[in-house]
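Colleague: First the structure, then my questions, so here it is.
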Amino acid sequence: MAAGGLDPRRIAEIIVTTAAGGRRGSGYRVGDTAVLTAFHVVDGATGVRVRFDADRPGQWAAAAVVAWADSGTDVAVLTIRPGPEVAAVTPALFGRIADDTHAVVAVHAAGFPLWKRRRGADGRQFRELHQADGTVAALSNLRTGTLEITVRAAAADPDPGVSPWSGMSGAAVWAGARIVGVVAEHHRHEGAGRLTAARIDHTLGRVSDERRAALRDLLAIEGAAGLPRAGTDGTGPTGSRVIGLPVTHGLELFKDRVGARDAIGRHLSDPAVRVVTVTGRRGMGKSSVAAKVMDMLEQGEWPGQLRAPLPRGLVNLSTRTSGISLERIYFDCAEVLGGGTKERLLEVWASDRTVQEKIGELFAAMRGDLFVILMDNLDDRLQDDGRLDEGDELAVFLDCLFRARSTPRLLVTSQIPLRLAPELRRFAAEVDLSDGLPPVESVALLRELDQDGSIGVAALSDEELLAAAVRVHGVPRALELLVGVMADDMLALPTLQEVLEDFALRGDVVAGLAQDRYQRLGPEARTVLNVLAVLRTPVSREAVEWIVAGLDPALAVAPVLSGLLRRRMLSVNRAGRTFALHPMDADLAYGAMPREGALGRQAVERRAAHWYTRTAPRRPDWHDLDDIRLHRRAFDHLVRAGDFDEAGLLLGSIGEWMVWHGSVLAALSMHLTLEEQLTDDGARLAHLISFGHARLTAGPLADAADVFTEAAALAEGLGDQQALQRALFGLGDAYRQLGRLEDAMEPLKRAGDLARENGDAESEVHVLLDLSLAHSTLGDGKAALEGADRLHEIARASGDLFTEARSWNARFTALLAMGRWEETVAAGDRAVLAYKEAGIQEATDYALNAKGVSLLALGRTAEALEALEAALAAASRMESPRTEGVCLYNTAWVLWAGARHAEAAEAAERAAASLELAGAVEAAAAHALAEAAAALSGPAPDAGAAADALVRAAEGAGRNVEMVRPAWLVAEAERLRGRA
């Protein structure tokens, strides 16, 4: 059974490899294993890969082979083998556009043109999906037998030597619910808004009988007859009568909500469901998604993969336009039925029969056919708990709807669901729009709201628009209001960033987004709502009651929560028994709170912070980052309350733990929040020591040394020996990683002495590890191994798994420095296992990196590359740019060893960028290695230039034992000079 309509999950990105390089195109998954595209996209391919849902949650890809191709018409079909986790699809429908009469036919296609090239946050380029809506003039291009498509001109022309539409080739061209062609060409001289497409019906007519049969089989085109006209065979519009204007505008630009549309369609097609309610806070786009579903049904298309009878009639009603009344419903349905049926129903309405009898006659006249009635903004007629007013005529209609055997389906939009008796719930379904638009759709909507660029939004980068979308939680109405504020303020001419800064405080924004029911709340309900606005995350009833008890002891929280839930002003997670405000409602409520006072923001923030510190796990119970989650929430509340010193002391207690467990950048961000805010010396000292450790991992290393120097001086002044010990250790570690080994020894030894005096065994172990690593870098392998042995003895005596892991860390580093490759590989594996058993990631990346270098020395390059890739992944998890840079540098040399110089150059450049971010001196070595690899990867390799650059790289690496041996680079330079 075939299914009609373009499904975004079946749009294919065709990635082609050829002997001369690569290219990209578009396609469409027309069947379970078949992908339709253009012949020239895959012509001469040595490999083809097809990707779906790129960079989205359902992304998947598969290798493809060309199963059918015709160069004359430029059509090809690929076959793929989807994995077992990929859902099967039904065959697409095919049709034709008649070329024997004048007509202008609406068409659409979706693909990946060059002009939609973007750059992601990681710096890599990608092609964004583009939906091209246009028209085909039926009599154009008769001589060539192709389709001339007029679309909106490409918005950019990034490469004058290549068509901006390059990459769109192969995209399926749709007329209604049927595919009629494949995008094939763009002729520049015809303008940026004209595309040429191959016709499927002409392709079938121009090939041999045998090839025609093969193509029909691949495309699942049944029978031998010609293709039907698109949209005239029951799969396009089939006479569904529509009464009432759409309840919203701009449906052709509608964004996303695929899941919601599919759910609505699934419920509407279910005979057991009488009412489908789309719920969500104000501004979420409830009316738009409902109107889009009605529009799809009008066009003869069910959302998703449904194959069900299409509605005979569609009725659009809204409280904001025509109103919603029993009379309006009856008369509009009668209008849909038309003819004699309409006349008879009008007579029934004018009679003295009961309302129930009149409604019964209306339902009977529908004869079991499907009718869908949209009631938009029904919450205008509902009480705060979702009930209709007593005696409301709509209650009579609903009662008849649930009692009758055959009835129309209601599609309702409302901020709160229609409250039904328990026995009627099985006949109703709810689709909740709790999330805003996804990032890509939010950015696209912002650009479309400034089509001519006059407001300044369209010219902003994707990153700037994405930040704005995240700030307003992707709420569609909020995005519209953002641009509206900019457009309407002709005096101040605010920028987007300026509007965002006080977005929730602007009266015009609050009026457009705040829920009407908020204005009707009493003081007790507002207090509870404001507590939840401050918390900004789902919390238990116990948390709300404890916080409120410190603000208003007489307030009974339970009945207030119950009332807010009935009004749908809160969401509830029954499994977790937690309550929360929608993020947009939290922003608006928070903005309306006074800062000072017993119930002001500062008081509530402090109370919330104390709740979290009161319930957070203590240090002995910490095992992973989740165990300090409540401490981090307390920190945020303390900062918002302005209690910076208390926040500094709290961060000092958790910062190093965060660094050890990979949340380096988060710790760094928290510390930067406190800079210039601390007035208490003890709080500043706690902040400095933790801040230094964050800098030690994230870089720059020189900054880490400066922070630890300041911390040591402050600790000396305060006479805090434990803090002094931690500061001196951090200073020594920073000097060691900077290559200032002689400077490192004194603070490390003094830190070790203080650790023994303070009885701090864990810190003493850390100092021993750092001293061993320093001896390795100085070339004193014997002393380094003695340090490893000492650590192992301590671990055996104490049974501490972390110390055991550190003993292996010291050992593999010493063995690496001594060139004992096989032993280094074994010790590295033991270290990885030991750190895993200890539940800490601290040096897993270093262990895998040492293993990679040793495997390369042993000539096992494939294994070396695998180990270094694992090391890079571990370093990324630890958010350590220095280690990332070291791993990438070594990876570059492995690639060089395999004569993959272009890839080596790229890896070395990435290494340089990471090392510069860390402030590491080895960045110069990485730049030089990249220069050497680039000298050999171009069309005219320059061995002499490569040799000179290799010597500079060797000099730049210095005594860093974690990097490939400088002597290897010098030997390769001499070999190249002999060849030059």
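Just so we're on the same page, the numbering used here is the position in the sequence shown counted from 1, plus 25. We put the beta carbon where it would ideally sit given N, CA and C, even for glycine.
1) Just to confirm my understanding: we take residue 434, look at its own chain, exclude 5 residues before and 5 after, and list those with CB closer than 6 Å. What are they?
2) Considering only residues of the same chain and omitting the five flanking positions on each side of residue 288, which have a CB-CB separation below 6 Å?
3) Can you give me the Cβ contacts of residue 875 inside the same chain, cut-off strictly under 6 Å, excluding the 5 residues immediately before and after it?
4) Measure how close the beta-carbons of residue 270 and residue 342 come, nearest whole angstrom, since I'm counting them as under 8 Å.
5) State the Cα-Cα distance for the pair residue 903 and residue 772, rounded to the nearest angstrom.
6) Is the Cβ-Cβ distance between residue 971 and residue 957 less than 8 Å?
7) For residue 930 versus residue 905, is the C-beta spacing smaller than 8 Å?
8) Suppose the cutoff is 7 Å on Cβ atoms and the five residues either side in sequence are ignored; what does the same chain contact list for residue 869 look like?
9) Hey, would you say residue 75 sits closer than 8 Å to residue 50, going by beta carbons?
10) Using C-beta distances below 7 Å, list every residue in its chain close to residue 685, excluding the 5 sequence neighbours before and after it, in chain order.
11) Out of 486, 732, 451, point me to the one whose CA is closest to residue 465's CA.
12) So, does the segment 785 to 792 touch the segment 734 to 753, judging by three or more C-beta pairs under 8 Å?
13) Could you round the C-beta distance between residue 458 and residue 303 to whole angstroms and report it? I think they count as a contact, below 8 Å.
14) Short of 6 Å in beta carbon distance, which residues of its chain neighbour residue 72, apart from the five on each side in sequence? Order them along the chain.
15) Start and end of the alpha helix (DSSP H) containing residue 39?
16) Roughly how far, in whole angstroms, is the beta-carbon of residue 482 from the beta-carbon of residue 521, given that I think they are within contact range, below 8 Å?
17) Going along the chain, which residues of its own chain have a beta-carbon closer than 8 Å to the beta-carbon of residue 553, five neighbours each way excluded?
18) Give me the Cα-Cα distance between residue 1012 and residue 621, rounded to the nearest whole angstrom.
19) Can you find the residues in the same chain that come closer than 6 Å, C-beta to C-beta, to residue 153, ignoring five residues on each side of it along the sequence?
20) When the Cα atoms are used, what is the spatial distance from residue 503 to residue 345?
21) Identify the residues that DSSP records as bridge partners of residue 133: which are they?
22) Taking the straight line between their C-alpha atoms, what separation do you get for residue 644 and residue 689?
23) What do you reckon, are the CB atoms on residue 910 and residue 955 nearer than 8 Å?
24) Among the candidates 640, 682, 752, 667, whose CA atom is the shortest distance from the CA of residue 698?
25) Would you mind sorting residue 518 into buried or exposed? The rule is 16 or more other CB atoms within 10 Å of its CB.
26) Per DSSP, what kind of secondary structure is residue 327 in: helix, strand or coil?
27) Relative to the C-alpha of residue 892, which residue among 912, 472, 132, 806 is closest?
28) Within 10 angstroms of its Cβ, does residue 261 collect 16 or more other Cβ (buried), or is it exposed?
29) Distance, Cα to Cα, residue 118 vs residue 98?
30) Thinking C-alpha only, which one of 565, 609, 618, 611 is nearest residue 598?
31) State buried or exposed for residue 264, treating a residue as buried only when at least 16 other CB atoms are found within 10 Å of its CB.
32) Consult DSSP for residue 487 and reduce its assignment to one of helix, strand or coil.
33) Let me know if residue 562 comes out buried or exposed under the rule of 16 or more other beta-carbons within 10 Å of its beta-carbon.
34) Looking only at C-alpha atoms, which of 614, 641, 253, 556 sits nearest to residue 623?
35) If you run the structure through DSSP and keep just helix, strand and coil, what is residue 208?
36) Work out the CA separation of residue 32 and residue 370 for me, nearest whole Å.
Modeller: If we stick to the structure as given:
1) Correct list, in chain order: 293, 397.
2) Excluding sequence neighbours, residue 288 sits near 456.
3) Result list for residue 875: 837, 841, 849, 853, in chain order.
4) For residue 270 against residue 342, the beta-carbon gap comes to about 10 Å, at or over 8 Å, which does not count as contact.
5) CA-to-CA, the gap between residue 903 and residue 772 works out to about 26 Å.
6) Cβ distance < 8 Å, so residue 971 and residue 957 count as in contact.
7) No, they are not a contact pair.
8) Taking residue 869 as the centre and dropping the five residues before and after it, the same chain places the C-beta of 857, 860, 899 closer than 7 Å to its C-beta, in chain order.
9) In terms of Cβ geometry, residue 75 and residue 50 do not form a close pair [threshold 8 Å].
10) Taken in chain order, the residues that qualify are 865, 867.
11) Selected option, being the one with the closest Cα: 486.
12) Judged by Cβ distances under 8 Å, the segment 785 to 792 makes contact with the segment 734 to 753, as three or more pairs qualify.
13) That belief holds up - the Cβ atoms of residue 458 and residue 303 are roughly 6 Å apart, short of 8 Å.
14) Cβ within range, chain order: 42.
15) Going by DSSP, residue 39 is part of no alpha helix (DSSP H) but of the beta strand (DSSP E) stretching over 36 to 43.
16) Between residue 521 and residue 482 the Cβ distance is about 6 Å, and since that is below 8 Å, they are a contact.
17) The residues are 569, 573, 580, 582, 585, 586, 589.
18) Given a span of 26 to 1005 for the chain in the structure shown, any question on residue 1012 remains unanswerable.
19) Around residue 153: 141, 143.
20) Cα to Cα, residue 503 sits roughly 20 Å from residue 345.
21) DSSP output for residue 133 lists 158, 199 as bridge partner(s).
22) The straight-line gap from Cα to Cα measures roughly 19 Å.
23) No, they are not a contact pair.
24) Ranked by Cα distance from residue 698, the first of 640, 682, 752, 667 is 667.
25) Around the C-beta of residue 518, fewer than 16 other C-beta atoms lie within 10 Å, and the residue is accordingly described as exposed.
26) DSSP places residue 327 in coil when its eight states are reduced to three.
27) If we check each option's Cα against that of residue 892, 912 comes out closest.
28) Any reading at residue 261 is ruled out, since the residue's pLDDT is 37, under 50, leaving its predicted position unreliable.
29) Between residue 118 and residue 98, the C-alpha separation is close to 20 Å.
30) Across the set 565, 609, 618, 611, the C-alpha of 565 shows the shortest separation from the C-alpha of residue 598.
31) Here the model assigns residue 264 a pLDDT of 46, short of 50, so the residue's position is not dependable and the matter cannot be decided.
32) When DSSP states are grouped into helix, strand and coil, residue 487 belongs to the helix group.
33) Exposed is the call here.
34) Selected option, being the one with the closest Cα: 556.
35) Of the three classes helix, strand and coil, the one that applies to residue 208 here is strand, per DSSP.
36) Roughly 40 Å between the two C-alpha positions.
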